[in-house]
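Per this note's numbering, the very first residue in the sequence shown carries number 47; after that it's consecutive.
Heads up, the beta-carbon is just placed ideally off N, CA and C, and yes, glycines get one too.
Since we're looking at a predicted model, the values are computed, not measured.
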Amino acid sequence: MADALLPHIADRPLNLERYPDGIRGPRIHQKQVPANAPAWLRRARIYAPTSARTITYAVGGSRRGLAYLVNLGAIEIHPWACRIDRVDAPDRVIFDLDPNGVGMPELAAVATAVRDALASLGLRGYAKTSGGRGLHVYVPVRRGPSFDTVRAFADAVAAEVARSHPGCATASHRGTDKAGHVYIDTLRNGRAQTAVAPYSVRARPGAPVSTPLAWEEVAPGLDPRAFTLHTLPARLAGRGDLFRPVLEDRQALPKA
């Protein structure tokens, strides 16, 4: 899957979810590159204000580097929403739709509502499965706005969708308000926050894959469990990379 996956993590700092003993063993959430990593592995040193230290991240983009990370037991690859030349300039807005006690009909309805809210602002959104129970909607944008601005924009869109669909959507971060709703999570839009890369396997039984979707697939009958390590190669060969526009469709955020 490298040819499809690598463009989506190229030049981006990576967070790794490592499972050296398999998915039933301990999970290692790793940012810092191992001290014994090969000299050829591309790196980026980035200051973390919250911990007041500099972290050396692996940087995506090479087949050799990806193979090294997989060999560490990194089943999941989580890129930042920016590139290393401007780590404070995001180039995507991410809506993480998390179903809490609801099914695919409600999830598909909220994803479509997010798409329509974006369209009303002249923006195009692109959908993929999370590889778990949820869906992601990405909005590729031109670099310029800060993470705070992008997060504020995402919050405003999420709040509007929740207001117009009170029976099935919520933008509240409180756990008590999420039950029985699709939670529109915008926290992925903060600095150093990540979302799983398209075409990354998830550390779950059945080896599900975070899979780009055509909007006509975002429907009540969608089954994200059908997209796995075994089925994705044929799907990609037949349909191509449905997330390719996320790399090319640089949109300007409207003035809120």
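Where residue i sits in the DSSP three-state scheme
i      : result
ALA159 : helix
ASP131 : coil
ALA113 : helix
ILE55  : helix
VAL139 : strand
ARG64  : strand
PRO72  : coil
ASP295 : coil
PRO95  : coil
ARG290 : helix
ARG170 : coil
PRO145 : strand
ALA85  : coil
Classification of residue i by the beta-carbon crowding that lies within 10 angstroms, buried from 16 upward
i      : result
GLU152 : buried
PRO326 : Outside the shown range of the chain (47 to 302) lies residue 326, about which nothing can therefore be said.
ALA217 : buried
ARG188 : exposed
THR96  : exposed
ASP231 : buried
ASP142 : buried
ASN235 : buried
Continuous beta strand (DSSP E) stretch holding residue i: start and end
i      : result
VAL105 : 99-105
HIS182 : 181-186
PRO125 : 120-125
Same chain, Cβ closer than 8 Å to residue i, five either side skipped, listed in chain order
i      : result
ALA249 : GLU63, TYR65, ILE69, ARG73, ILE121, GLU122
LEU87  : VAL79, ALA104, GLY111, TYR114
ASP57  : VAL105, GLY106, GLY107, ARG129, ILE130, ASP131
7 Å Cβ shell around residue i - same chain, five flanking residues per side excluded
i      : result
LEU288 : PRO258, LEU259, ALA260
LEU268 : MET150, ALA154
TYR229 : ASP144, ASN146, THR216
HIS227 : ASN146, VAL148, CYS214, ALA215, THR216
Residue interval of the alpha helix (DSSP H) (run including residue i)
i      : result
PRO279 : 278-285
Nonlocal neighbours in the same chain, by C-beta distance under 6 Å from residue i, ignoring five residues either side
i      : result
THR100 : ARG91, TYR93
PRO136 : ALA127, CYS128, PHE193, VAL196
ALA159 : VAL207, HIS211
Taking only runs that begin and end inside the stretch 189-268, name each unbroken beta strand (DSSP E) of 3 or more residues, in chain order.
227-231
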